[in-house]
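Enquirer: 10 is the number of the first residue of the sequence shown in my numbering; add one for each residue after it.
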Amino acid sequence: MVVDRLSEEKKRNIEILEKLDEIAEEIKEIAFQYFGSCKVFIFGSVLRKDWHPTLSDIDVAVVTNCEDMEKILRFKAEIARRWSIFELHVVNERIWDFYRRFIDEMREV
(Lines of atoms letter the chains of each structure in order from A; the text may use other names.)
(Lines give C-alpha, C1' and ligand atoms only; values in the text may rest on other atoms or scores of the structure.)
Protein backbone atom coordinates (compact mmCIF):
# COMPACT_ATOMS: atom_id res chain seq x y z
CA MET A 10 0.00 0.00 0.00
CA VAL A 11 2.66 2.52 1.00
CA VAL A 12 4.79 1.55 -1.99
CA ASP A 13 1.80 1.98 -4.30
CA ARG A 14 1.06 5.40 -2.84
CA LEU A 15 4.67 6.53 -3.22
CA SER A 16 4.77 5.18 -6.75
CA GLU A 17 1.65 7.19 -7.64
CA GLU A 18 3.07 10.31 -6.00
CA LYS A 19 6.33 9.90 -7.92
CA LYS A 20 4.44 9.48 -11.20
CA ARG A 21 2.27 12.55 -10.51
CA ASN A 22 5.29 14.67 -9.56
CA ILE A 23 7.21 13.65 -12.69
CA GLU A 24 4.17 14.64 -14.78
CA ILE A 25 4.17 18.03 -13.05
CA LEU A 26 7.88 18.44 -13.75
CA GLU A 27 7.32 17.63 -17.43
CA LYS A 28 4.69 20.40 -17.57
CA LEU A 29 6.52 22.80 -15.26
CA ASP A 30 6.61 25.76 -17.65
CA GLU A 31 2.90 25.44 -18.40
CA ILE A 32 1.96 25.05 -14.72
CA ALA A 33 4.24 27.92 -13.71
CA GLU A 34 2.38 30.15 -16.17
CA GLU A 35 -0.91 29.04 -14.59
CA ILE A 36 0.44 29.86 -11.14
CA LYS A 37 1.47 33.29 -12.43
CA GLU A 38 -2.02 33.90 -13.85
CA ILE A 39 -3.61 32.89 -10.55
CA ALA A 40 -1.16 35.13 -8.66
CA PHE A 41 -2.19 38.07 -10.87
CA GLN A 42 -5.85 37.35 -10.07
CA TYR A 43 -5.10 37.55 -6.35
CA PHE A 44 -2.44 40.25 -6.19
CA GLY A 45 -2.51 42.24 -9.40
CA SER A 46 0.99 43.23 -10.44
CA CYS A 47 3.56 40.70 -9.22
CA LYS A 48 6.58 38.72 -10.35
CA VAL A 49 6.89 34.94 -10.19
CA PHE A 50 10.15 32.99 -10.01
CA ILE A 51 11.03 29.30 -9.96
CA PHE A 52 14.18 28.48 -7.99
CA GLY A 53 16.02 25.77 -6.13
CA SER A 54 16.63 22.08 -6.76
CA VAL A 55 14.36 21.82 -9.79
CA LEU A 56 16.63 24.26 -11.65
CA ARG A 57 19.87 22.89 -10.22
CA LYS A 58 18.86 19.48 -11.62
CA ASP A 59 19.10 17.76 -8.22
CA TRP A 60 15.34 17.60 -7.73
CA HIS A 61 13.92 14.26 -6.55
CA PRO A 62 10.33 13.24 -7.46
CA THR A 63 9.42 11.95 -4.00
CA LEU A 64 11.77 13.89 -1.70
CA SER A 65 11.77 17.41 -3.17
CA ASP A 66 9.30 20.22 -3.54
CA ILE A 67 9.34 22.87 -6.26
CA ASP A 68 10.12 26.35 -4.96
CA VAL A 69 8.16 29.28 -6.36
CA ALA A 70 8.51 32.88 -5.22
CA VAL A 71 5.70 35.36 -5.78
CA VAL A 72 6.94 38.90 -5.29
CA THR A 73 4.06 41.23 -4.49
CA ASN A 74 3.22 44.30 -2.43
CA CYS A 75 0.14 42.54 -1.04
CA GLU A 76 0.11 42.49 2.76
CA ASP A 77 -3.35 40.93 3.12
CA MET A 78 -2.52 37.66 4.91
CA GLU A 79 -5.97 36.20 4.26
CA LYS A 80 -5.58 36.77 0.52
CA ILE A 81 -2.08 35.26 0.60
CA LEU A 82 -3.33 32.18 2.45
CA ARG A 83 -6.25 31.74 0.04
CA PHE A 84 -3.80 31.91 -2.88
CA LYS A 85 -1.51 29.33 -1.27
CA ALA A 86 -4.47 27.05 -0.53
CA GLU A 87 -5.70 27.25 -4.12
CA ILE A 88 -2.29 26.29 -5.48
CA ALA A 89 -1.87 23.50 -2.90
CA ARG A 90 -5.26 22.02 -3.87
CA ARG A 91 -4.15 21.85 -7.51
CA TRP A 92 -0.46 21.00 -7.11
CA SER A 93 0.65 20.14 -3.59
CA ILE A 94 4.31 19.79 -4.59
CA PHE A 95 4.87 23.55 -4.85
CA GLU A 96 6.43 25.43 -1.94
CA LEU A 97 5.19 28.99 -2.33
CA HIS A 98 7.12 31.94 -0.95
CA VAL A 99 4.91 35.04 -1.14
CA VAL A 100 7.18 37.96 -0.31
CA ASN A 101 7.61 41.68 -0.88
CA GLU A 102 10.49 43.23 -2.86
CA ARG A 103 12.62 43.87 0.24
CA ILE A 104 12.40 40.27 1.42
CA TRP A 105 12.93 38.96 -2.11
CA ASP A 106 16.13 41.02 -2.42
CA PHE A 107 17.34 39.30 0.76
CA TYR A 108 16.26 35.80 -0.43
CA ARG A 109 18.06 36.23 -3.77
CA ARG A 110 21.44 36.39 -2.05
CA PHE A 111 21.07 32.72 -1.13
CA ILE A 112 19.53 31.42 -4.36
CA ASP A 113 21.96 29.89 -6.82
CA GLU A 114 19.49 29.18 -9.64
CA MET A 115 16.30 31.08 -10.43
CA ARG A 116 14.16 31.83 -13.44
CA GLU A 117 11.40 34.39 -13.84
CA VAL A 118 8.15 33.00 -15.18
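A virtual CB, placed ideally from N, CA and C, is assigned to each residue, including glycine.
Please return the same chain residues whose Cβ sits closer than 7 Å to the Cβ of Trp92, not counting the five positions on each side in sequence.
Expert: Excluding residues within five positions, the ones whose Cβ falls inside 7 Å are Ile25, Ile32.
Enquirer: What are the partner residues of Asp66, as DSSP defines its beta bridges?
Expert: Per DSSP, none; premise fails for Asp66.
Enquirer: Specify, as a first and last residue, the run of the alpha helix (DSSP H) that Glu34 falls within.
Expert: It spans 29 to 44 - the alpha helix (DSSP H) in which Glu34 sits, taken as one unbroken run.
Enquirer: Have a look at His98, Glu114, Arg103 and flag the residue whose alpha-carbon is nearest the alpha-carbon of Lys85.
Expert: Ranking the options by Cα distance to Lys85, first place goes to His98.
Enquirer: Under a three-way DSSP split, which group does Met78 fall into?
Expert: Three-state DSSP puts Met78 in a helix.
Enquirer: Taking DSSP as the reference, what is the three-state secondary structure of Arg110?
Expert: Here Arg110 sits in coil by DSSP.
Enquirer: Whole-angstrom Cβ separation of Lys59 and Glu96, contact assumed at under 8 Å?
Expert: Residue identity check: residue 59 is Asp in the sequence provided, not Lys. That pair is no contact at about 15 Å.
Enquirer: Cα separation between Glu102 and Val12?
Expert: Taking the straight line joining both Cα atoms gives about 42 Å.
Enquirer: Around the C-beta of Asn22, are 16 or more other C-beta atoms found within 10 angstroms, so that it is buried, or is it exposed?
Expert: Classification of Asn22: buried, given that the 10 Å Cβ count is 16 or more.
Enquirer: Determine the direct distance from the alpha carbon of Ala89 to that of Gly53, and round the result to whole angstroms.
Expert: About 18 Å.
Enquirer: Output the distance between the C-alpha atoms of Arg14 and Leu64, rounded to the nearest integer angstrom.
Expert: Those two C-alpha atoms are separated by around 14 Å.
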